[in-house]
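First to last, the protein sequences are chains A and B.
Numbering-wise, the first sequence is residues 7 to 361 according to this note's numbering.
Numbering-wise, the second sequence is residues 3 to 269 according to this note's numbering.
Heads up, the beta-carbon is just placed ideally off N, CA and C, and yes, glycines get one too.
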Amino acid sequence: MKFHKYTNLFFIGLLALFCLSQCSLPSSQEELHGVWLGAYTEYMPNTPLPVINDFHEDGSVLTKRLNKEEKIYSWSLRGSDLRVDTMNYRVLALSEDSLMTSNNYRFVFRRLKHADLKVTPEELRKYIENNAWTDGTNNFYFDGEQVATEQESGKVETRCWNIEKYRHFYFLYQYGDQEDCNRSSIGRVMQITKLAGELHLEGWNEQGKKTYKLKKVKTAKSFSDVVAKGSFQLCSMYTISSNHHAGKSYEGGGYTIKQHFLNNYETPDAAKGQSGFITLRFVVNCEGKSGRYEVIGMDNNFKPFDFNRFITEQLTALMKDMKGWSPYEVDGTYYDSYKIINLKIQDGQIVSISF
Amino acid sequence: MKKYSYVSIVIYILLLYSLLSINACQQNSQANEDSFRAELAQAGYGSPNWYKTIDQLIEKHPDNAWLPYRKAVPLFRRGDYIEGIASLSRAVAIDPTTYANYRGAVRMTDLGDYEGAIQDFQLAIDLKNHIDIIIPGSAYERKGIAQKQLGKYEEAIQTFDKTIKKFGINGVDIYTFMYRGIAKRELGQYEKALADFQIIIDKWEKCPEAYYHRGLVYIEQGKKEEACTAFKRALLYKNYIHGNPGGAYIDQLYEADIERMFDKACR
C-alpha cells in the first residue's frame, strides 16, 4: 500500500513536469484584456507596427491601424493559441507590459500607460504646434503639418506629424518626408503621457524604447530656419534598398562615373604602401540626392585598413561632386537606395573602378 | 489494490504521452539547408535579427558551408566586403568545390581583384567544378576575363580558345566570344575580333554588345560609316543589354555608351 502511494506520488510529480515541459506556458484571457499598441514586427525590427488592439472581456477585440478605420472581431485564447476572427496566432510571451504573438512573423505589442490628459484633440494640437520642444539633446520644431527634429549633431530631419486619440489615449506619430506627406507610411508612434507645461512622450516602437520629457523652448528658431539648415534626408523612415548598381543610376552610365574619378583624382605624394581596396558607400534618396557618404578601406587581404586622409578626403569630395543620380524606381515609386563604388588602389593610384 | 492499479495505469499512460509531447516540442535538429532557411525566414532578411540568427547557426554548425555563404550575400549587397569576404572565405575553406568560383566572381566583378579571382577560378577548375550555380558562369570563361582585365590579352585569348575547344562553340556562354573579341581588338587583331562578334550575331542577332564592340573596331580602323551602322544596330537592340540590377558585369554596356559612340561615328 505504502509502496503504491509513493509510486503514484512519483508519477504525479512526473505529470506536473509534463505540464511544465510544454513548448509554451498557457496564458489567461484576463492577462490579455486591455489596450495594446504595436511596437514592431520582429521579422524586421525597424519596420513600424502602428496598430491598436483592444481586447474586451466580452470576447470582442477592436483593431485599428492609426489613421484608418477601426474594425471589431471576435477573439479567444486557449492556452497559447489566440484566435482573432479567422486568424490564428500563438502567444509567445505575455507579461504586464508586453505581448509577442506569431503566425508567420512575430509581432511585438506593448501595453499603453494610463494617462488621462483631459484635453480634446484640438486643444492638444494647439498645445503642440507652432512651438519648439527640447529634451536637452534633441529639439523638435512643430508647425501645423511638419516637425523638424534637430539632433545634437546638428542633423535635421523633417517629417509630417499628427495626433490621434483612442479612448483616453493620445498618440503622436510621424509619416511622409520633407517634401511629401504621402511618401512614407506611419511610424515612430509615441504615446503622449503628460502635459502640464511639458510634453512627455512614451516611445516603444521600431526605433527602440525611449521616453522623451520635452520642455517648450521659449526663444526658438523659426521652423523654416531649422528646415533650411537640413541637408540630406532619407525619404523613408525605416528602409534603404540595397539596390546599388551605380552605373545604371547615373547620367551617362558607368563610363561617366569612371571618368569622373580618373580625371579628377590625383595620386598623393608619398603614397607608397597605400594599397588595397576602397569601398565608397552612400545613399541616393527618392529625390536623387546623395548623402551618408562612407569610405571603407581594406588591405589586399580584405582586412580593415586606414588609407591616408589625402586619399579618403579626395574620394569623399569626388563622391559629393556627383550630381547626376536617378533614384531607384519600381513601378513608378521611388526609393532610397545604397550605391557602392569599389576602387582598387595600388600605391595611392586608382587601378580599377567597379560597381 | 485494484483501485490503485487503475490509477497507476492512467498515470503510466499520461507519462507516456508527456514523453511523446516533449519529443514533439523539440525542434528538428537535423542540420540541412531547408531547416536553416525555415529558421532564417522567421527573421527579416538582412535585419540585425537575421544576422544574429545566422551567427548562432554558424556557431552551432561550424562544418556547414552554406551558412557562411548565405551570410555573405547580403553583406556584399550593402558593401560590407570586409565581413562578407571573411564569411565567404569560411565557406570556401569548408567546401571549395561549391564556393571557390563564386568567391572569384565577387573578387573580380565587385572589387577588381583580378589576381585573387584567377586563383579562385583555377581552384574551381582543379576541383572539376567550373560551373557556378550561385551566379551562373564558368570558371574557365571568368579566368579569361580576369586575365583580360589585367591586360594579359594573349593569355586571355588562349584561355578562351581552350574553353571553346573543350566545350564547343555551342557549349560556352555567348559572351565568351565578346570578351575574346575585345582582347583581340586590344592586340590590334581587328579582323579576328570582328569574326568573334559575328559569331555572336549569328547566334543571336539582337545582341547589342556585339554590334557595339564591332563599332569600336571599325572606329579603330577608321571606318566611320561602318561604325555608324554598327552603333545604330546596337541602339536598335538597346533593350536587350545584358544587365543585372545588383551590379555591373565586366565591360558592362550602358545605353549612354552606345549613344556617345553613335554621336562620334554618325554626326
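Looking at the secondary structure, which residues open and close the beta strand (DSSP E) in which residue i lies?
i, result
"tyrosine 344 of chain A", "343–352"
"glutamine 44 of chain B", "Where glutamine 44 of chain B is concerned, there is no enclosing beta strand (DSSP E), given that its DSSP letter is neither H nor E."
"phenylalanine 177 of chain A", "175–181"
"glutamate 272 of chain A", "Element bounds for glutamate 272 of chain A: n/a, residue is neither H nor E."
"lysine 221 of chain A", "214–222"
"glutamine 355 of chain A", "355–360"
"valine 195 of chain A", "193–200"
"glycine 118 of chain B", "Taken as a continuous stretch (DSSP letters only), glycine 118 of chain B belongs to no beta strand (DSSP E), being part of the alpha helix (DSSP H) at 116–128."
"tyrosine 334 of chain A", "334–336"
"alanine 154 of chain A", "152–156"
"alanine 138 of chain A", "137–140"
Could you say which of the options lies nearest to residue i if we only look at CA atoms?
i, options, result
"arginine 235 of chain B", "B:Glu257, B:Pro76, B:Lys150, B:Ile171", "B:Glu257"
"methionine 243 of chain A", "A:Lys295, A:Ser108, A:Asn270, A:Thr53", "A:Thr53"
"proline 56 of chain A", "A:Gly65, A:Ile263, A:Thr69", "A:Thr69"
"alanine 212 of chain B", "B:Arg182, B:Gln191, B:Thr99", "B:Arg182"
"lysine 225 of chain B", "B:Ile84, B:Ile120, B:Leu196", "B:Leu196"
"glutamine 157 of chain A", "A:Leu88, A:Asn306, A:Lys235", "A:Lys235"
"phenylalanine 313 of chain A", "A:Ala45, A:Ile356, A:Glu76", "A:Ile356"
"leucine 118 of chain A", "A:Gly160, A:Tyr147, A:Leu43, A:Leu178", "A:Leu43"
"glutamine 145 of chain B", "B:Thr165, B:Phe123, B:Gly153", "Just to set this straight, residue 145 of chain B is lysine in the shown sequence, not glutamine. Of the candidates B:Thr165, B:Phe123, B:Gly153, the one whose C-alpha sits nearest the C-alpha of lysine 145 of chain B is B:Phe123."
"histidine 266 of chain A", "A:Ala323, A:Gly338, A:Asp342, A:Asn59", "A:Ala323"
"threonine 250 of chain B", "B:Val75, B:Leu113, B:Ser20", "This sequence places alanine at residue 250 of chain B; threonine is not what is there. Comparing Cα-Cα distances from alanine 250 of chain B to each of B:Val75, B:Leu113, B:Ser20, the minimum goes to B:Leu113."
"valine 233 of chain A", "A:His250, A:Tyr299, A:Asp149, A:Ile246", "A:Asp149"
"tryptophan 90 of chain A", "A:Gln152, A:Asn59, A:Lys171", "Sequence check: residue 90 of chain A is valine here, not tryptophan. It is A:Asn59 whose Cα lies nearest to the Cα of valine 90 of chain A."
"histidine 73 of chain A", "A:Gln180, A:Gly203, A:Thr245", "Note that residue 73 of chain A corresponds to asparagine in the displayed sequence, not to histidine. Minimum Cα distance to asparagine 73 of chain A is reached at A:Gln180."
"tyrosine 285 of chain B", "B:Thr99, B:Gln44, B:Asn51, B:Pro50", "No answer is possible for residue 285 of chain B: it lies beyond the span of chain B, which begins at 3 and ends at 269."
"arginine 112 of chain A", "A:Pro127, A:Val125, A:Arg96", "A:Arg96"
"serine 281 of chain A", "A:Tyr340, A:Gln352, A:Leu321", "A:Gln352"
"alanine 45 of chain A", "A:Ser101, A:Ile263, A:Asp141, A:Leu105", "A:Leu105"
"lysine 62 of chain B", "B:Leu255, B:Asn34, B:Ile11", "B:Asn34"
"arginine 262 of chain B", "B:Pro247, B:Tyr214, B:Asn246, B:Phe169", "B:Tyr214"
"methionine 325 of chain A", "A:Gln197, A:Gln152, A:Thr262, A:Gly354", "A:Thr262"
"isoleucine 169 of chain A", "A:Arg298, A:Asn188, A:Glu185, A:Gly193", "A:Gly193"
"aspartate 163 of chain B", "B:Ala43, B:Ala40, B:Thr231, B:Lys186", "B:Lys186"
"threonine 245 of chain A", "A:Asp186, A:Thr155, A:Tyr340", "A:Tyr340"
"serine 237 of chain A", "A:Arg298, A:Asp186, A:Leu178, A:Gly214", "A:Arg298"
For residue i, count the other beta carbons within 10 Å of its own beta carbon; 16 or more makes it buried, fewer makes it exposed. Which is it?
i, result
"isoleucine 171 of chain B", "exposed"
"arginine 84 of chain A", "exposed"
"histidine 174 of chain A", "exposed"
"methionine 7 of chain A", "Any answer about methionine 7 of chain A is weak, because its pLDDT of 49 lies below 50 and its placement is not dependable; what the coordinates show is given next. Per the 10 Å Cβ criterion, exposed."
"glutamine 149 of chain B", "buried"
"arginine 109 of chain B", "buried"
"serine 20 of chain B", "buried"
"glutamine 29 of chain B", "Residue placement at glutamine 29 of chain B cannot be trusted, given a pLDDT of 46 that sits under 50; what the coordinates show is reported in the next sentence. With fewer than 16 other Cβ atoms within 10 Å, it is exposed."
"asparagine 279 of chain A", "Note on identity: in this sequence residue 279 of chain A is glycine, with asparagine being the wrong assignment. Exposed."
"threonine 161 of chain B", "buried"
"tryptophan 167 of chain A", "buried"
"serine 31 of chain B", "Annotation note: pLDDT 43 at serine 31 of chain B (below 50); position unreliable, coordinate value reported separately. Exposed, by the Cβ-count rule."
"alanine 95 of chain B", "exposed"
"histidine 250 of chain A", "buried"
"valine 162 of chain A", "buried"
Just to confirm the assignment, what range does the alpha helix (DSSP H) spanning residue i have?
i, result
"leucine 238 of chain B", "226–238"
"asparagine 103 of chain B", "98–107"
"isoleucine 60 of chain B", "50–62"
"lysine 369 of chain A", "The structure shown has nothing for residue 369 of chain A, since chain A only spans 7 to 361."
"leucine 69 of chain B", "68–79"
"glutamine 149 of chain B", "141–151"
"tyrosine 147 of chain A", "Run containing tyrosine 147 of chain A: none in the alpha helix (DSSP H); it sits in the beta strand (DSSP E), 145–148."
"glutamate 129 of chain A", "127–134"
"glutamate 261 of chain B", "257–268"
Query raised in the report: Which ranges does the beta strand (DSSP E) cover as unbroken runs of at least 3 residues, wholly within the region 34–112 of chain A, from first to last along the chain?
Result: 40–47, 50–54, 57–61, 66–71, 76–84, 87–90, 93–100, 104–108
Query - Segments of 4+ residues assigned as alpha helix (DSSP H) that fall wholly inside the region 156–216 of chain B - result: 177–188, 192–205
Query raised in the report: Are the region 134–144 of chain A and the region 221–241 of chain A touching by the rule of at least three beta carbon pairs closer than 8 Å?
Result: yes
Query raised in the report: Are the region 343–350 of chain A and the region 281–295 of chain A in contact at 8 Å, needing three or more beta carbon pairs?
Result: yes
Query raised in the report: Are the region 298–312 of chain A and the region 82–100 of chain B touching, with three or more C-beta to C-beta distances below 8 Å?
Result: yes
Query - the region 127–137 of chain B / the region 95–104 of chain B touching (three or more Cβ pairs under 8 Å) - result: yes
Requested in this report: Please confirm if the region 251–264 of chain A is in contact with the region 326–336 of chain A, defined as three or more CB-CB distances below 8 Å between the two stretches.
Outcome: yes
Report task. Please determine if the region 37–55 of chain B and the region 267–283 of chain A are in contact, where contact requires at least 3 C-beta pairs separated by less than 8 Å. Result -> no
Requested in this report: Give, in chain order, every unbroken run of the alpha helix (DSSP H) that is at least 4 residues long and sits entirely within the region 229–315 of chain A.
Outcome: 229–235, 252–255, 259–270
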